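What follows is one structure encoded as structure tokens, with my remarks underneath.
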Amino acid sequence: MAEVFEGTDTRLERRVALKLMHRSMAQDPDFVERFEREARSAAALNHPNAVAVHDQGSDAGEIYLVMEFVDGSTLRDLLRARGRLSIGEALDVLEPVLDALAAAHATGLVHRDIKPENILITRDGRVKVADFGLARAASGASAATRGVVIGTVAYLSPEQVQGAAGDRASDVYSTGVVLFEMLTG
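Going from the sequence shown to this note's numbering is simple: count from 1 and add 216.
Structure below.
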């Protein structure tokens, strides 16, 4: 759906993550409208454990999202390197993820794609959840992409697998799958 690059915000002189949506998505006006709406919702989420959204827009047919740059790695990288985590380590990751989800859910924002690749761990050990709201923007894709399951299958709730839109409970289910994976490797 997208590629992420490290970039520099030249006006504010800071490192950022630049997410470029695939051009096929940019051709769908319904997707573009949903993407912009969800980017605004995600930008309104101000939580220390959620990756901040700084800007969104389009240029030369490219739709982009400018986000906080997180200097670190994904939970997936950590699990590949270490296998499983101790109970204490897993809870140290889980608590900030749940805090970020609770803050998002309080504003009506549903993640819909909680997985180790969307859980970032900074070099100093802070946990951040990435891609808030973007799965929701993609979930209403046009007829050209209907029939495609949105989200990562291994982390989808049973309702999502059956075609229902994800909700708060789906995020909790997916987080439980991530916890299981952290504890079992």
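Even glycine gets a Cβ: it sits at the ideal position worked out from N, Cα and C.
Note that the coordinates shown come from a computational prediction; the quantities given were computed from them, not determined experimentally.
Does the distance from the CB of L281 to the CB of K235 come in under 9 angstroms? Stepping through the sequence shown from its first residue, residue 281 is reached at position 65. Stepping through the sequence shown from its first residue, residue 235 is reached at position 19. In this structure, K235 lies closer than 9 angstroms to L281 by Cβ.
According to DSSP, simplified to helix, strand and coil, what is V343? Locating residue 343 in the sequence shown gives position 127, where the first residue counts as 1. Strand at V343.
Sub-9 angstroms separation of S386 and L372 beta-carbons: To locate residue 386, count along the sequence shown from 1; it is residue 170. To locate residue 372, count along the sequence shown from 1; it is residue 156. Yes, Cβ-Cβ distance for S386 and L372 is below 9 angstroms.
Apart from the five residues just before and just after G273, which ones in its own chain have a Cβ nearer than 7 angstroms to its Cβ? Walking along the sequence shown from the start, residue 273 turns up at place 57. Cβ within range, chain order: Y280.
Please report the straight-line C-alpha distance between P264 and A322, rounded to a whole angstrom. Reading the sequence shown from its first residue, position 48 is the one you call residue 264. Reading the sequence shown from its first residue, position 106 is the one you call residue 322. Roughly 15 angstroms separates the two Cα atoms.
Would you check if the segment 318 to 333 and the segment 233 to 249 touch, i.e. whether three or more CB-CB distances between them fall below 8 angstroms? Contact between the segment 233 to 249 and the segment 318 to 333 is absent, with fewer than three C-beta pairs closer than 8 angstroms.
Burial state of V269 (16 or more Cβ within 10 Å): Here residue 269 corresponds to residue number 53 of the sequence shown, with the count starting at 1. Burial of V269 is indicated by the presence of at least 16 other C-beta atoms within 10 angstroms of its C-beta.
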